[in-house]
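Each residue of the sequence shown is one higher than the one before, counting from 4 in the working numbering.
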Amino acid sequence: MVDGIENVINSLNAKGISNSDIEEQIREVYDFDVSTSTISQITDKVS
4 MVDGIENVIN SLNAKGISNS DIEEQIREVY DFDVSTSTIS QITDKVS
């Protein structure tokens, strides 16, 4: 599941969605909490 969430985060980030909006989207759709700092770490790995 973690790989799937990472893919979703990277996809949303590529569309220009902010980390806080990604955090909210993940929580609403997947009922999974992920911090904005974790989202930054995930997107930084791709950059």
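Backbone N, C-alpha and C define an ideal beta-carbon position, used for all residues, glycine too.
In this structure, how does DSSP classify residue i when only helix, strand and coil are distinguished?
i: Asp-34; result: coil
i: Ser-50; result: coil
i: Ile-45; result: helix
i: Ser-21; result: coil
Considering only C-alpha positions, which residue in the set the options is nearest to residue i?
i: Ser-38; options: Val-49, Ile-45, Thr-46 and Glu-26; result: Glu-26
i: Ser-43; options: Ser-14, Val-32, Asn-22 and Asp-36; result: Asn-22
My assumption, with CB atoms under 8 Å, is that residue i sits in contact with residue j. Please give the rounded CB distance.
i: Ile-29; j: Ile-8; result: 7 Å
The ligand SAM heavy atoms versus the CB of residue i: any closer than 7 Å?
i: Ser-21; result: What this structure holds is no ligand at all, so the ligand SAM is not there to describe.
Using the Cα positions of residue i and residue j, report the straight-line distance between them to the nearest angstrom.
i: Asp-47; j: Ser-40; result: 10 Å
i: Ile-12; j: Ile-20; result: 9 Å
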